[in-house]
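Be aware that the sequence shown starts at -2, since it is given in my numbering, and climbs by one per residue. All remarks here apply to the structure that follows.
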Amino acid sequence: MKLLYRYLFISDRGRPLSIRALSNVLDRLFLTIELAHPGLLPTLSAHDFRHTFADRFLAYLVEKRGYDLEQDTDELRRVCGWSDTSTMPRRYASRYLAESANRHNAQRASAAWS
-2 MKLLYRYLFI
8 SDRGRPLSIR
18 ALSNVLDRLF
28 LTIELAHPGL
38 LPTLSAHDFR
48 HTFADRFLAY
58 LVEKRGYDLE
68 QDTDELRRVC
78 GWSDTSTMPR
88 RYASRYLAES
98 ANRHNAQRAS
108 AAWS
C-alpha cells in the first residue's frame, strides 16, 4: 500500500506538523479531556509518542527479522531521523535487551514453579 504522506500528523496543506504545532494540538486535546474527566489521563507529550514509537518499532523490527539488533538500530536511526553519531538508537537497543531479558527470566522462573 502506497501512503499519500510520510508523516502521521500533517497540516491542512499536507505538510508535516512542526513539533510546536503538534504539541499545541495535544495540549488542547489533553486539556479538554482533563476538564471533562479530571485525572483520567496521565501527563502526556509529543515526546511520549516518539518514545513509545521508538520502543515498539525496534521490538517489531527485532522480532520480525530474527535477531539482528545492529541492522535494526540502523533502521530505527533512519526512521527517527537521528544523525549517524546519535546515541539514541543504542539507548533504545539497551532498553530492548534489558526488557527482553527480564521477560525471559520471568518466564523461566514461572516455568520452574509450575
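All C-beta atoms in this analysis are idealised placements derived from N, C-alpha and C, irrespective of residue type, glycine included.
Starting from T40, trace the alpha helix (DSSP H) both ways and give me its first and last residue.
Along the sequence shown, one-based indexing puts residue 40 at 43. Note, T40: premise wrong, no alpha helix (DSSP H); not H, not E.
Given a cut-off of 9 Å, decide if A43 and S8 are closer than it, judged by their beta-carbon atoms.
Working through the sequence shown from its first residue, we reach residue 8 at position 11. Working through the sequence shown from its first residue, we reach residue 43 at position 46. Not closer than 9 Å, so no.
With which residues is I7 paired in a DSSP beta bridge?
Stepping through the sequence shown from its first residue, residue 7 is reached at position 10. Its beta-bridge partners are P13.
Can you tell me the Cα-Cα spacing of M(-2) and S111, whole angstroms?
Taking the sequence shown and counting its residues from 1, the one referred to as residue -2 is at position 1. Taking the sequence shown and counting its residues from 1, the one referred to as residue 111 is at position 114. Because M(-2) sits at a pLDDT of 48, beneath the cut-off of 50, its placement in the model cannot be relied upon, and the following sentence gives the value as read from the coordinates. Between M(-2) and S111, the C-alpha separation is close to 45 Å.
Helix, strand or coil for S111? Go by DSSP, reduced to three states.
Mapped onto the sequence shown, residue 111 falls at position 114. Reduced to three states, the DSSP call for S111 is coil.
When you compare the segment 64 to 75 with the segment 24 to 35, are there three or more beta-carbon pairs, one atom per stretch, that lie closer than 8 Å?
Flag = no, the segment 64 to 75 and the segment 24 to 35 do not touch.
For a test of the three-state rule: what should DSSP assign to T82, helix, strand or coil?
As a first step, residue 82 must be located in the sequence shown, where it is residue number 85. Correct three-state label for T82: coil.
With DSSP as the reference, label M(-2) as helix, strand or coil.
Translated into positions along the sequence shown, residue -2 becomes position 1. Model confidence at M(-2) stands at a pLDDT of 48, short of 50, so the residue's coordinates are unreliable; what they give is reported in the following sentence. Note: M(-2) maps to coil in three-state DSSP.
If we ignore side chains and look at the alpha-carbon of each, how far apart do A56 and I30 end up?
For the purposes of this step, residue 56 is taken as residue 59 along the sequence shown, with counting starting at 1. For the purposes of this step, residue 30 is taken as residue 33 along the sequence shown, with counting starting at 1. Their backbone Cα atoms lie some 31 Å apart in a straight line.
Determine the burial state of P39: buried for a count of at least 16 other Cβ atoms within 10 Å of its Cβ, exposed for fewer.
Residue numbering aside, residue 39 sits at position 42 when the sequence shown is read from its first letter. Exposed, by the Cβ-count rule.
Can you tell me which of the three DSSP states H101 falls into?
Along the sequence shown, one-based indexing puts residue 101 at 104. Note: H101 maps to helix in three-state DSSP.
For a quick check, are the C-beta atoms of R25 and P13 less than 9 Å apart?
Position 28 of the sequence shown, counted from the first residue, corresponds to residue 25. Position 16 of the sequence shown, counted from the first residue, corresponds to residue 13. Contact flag unset, no.
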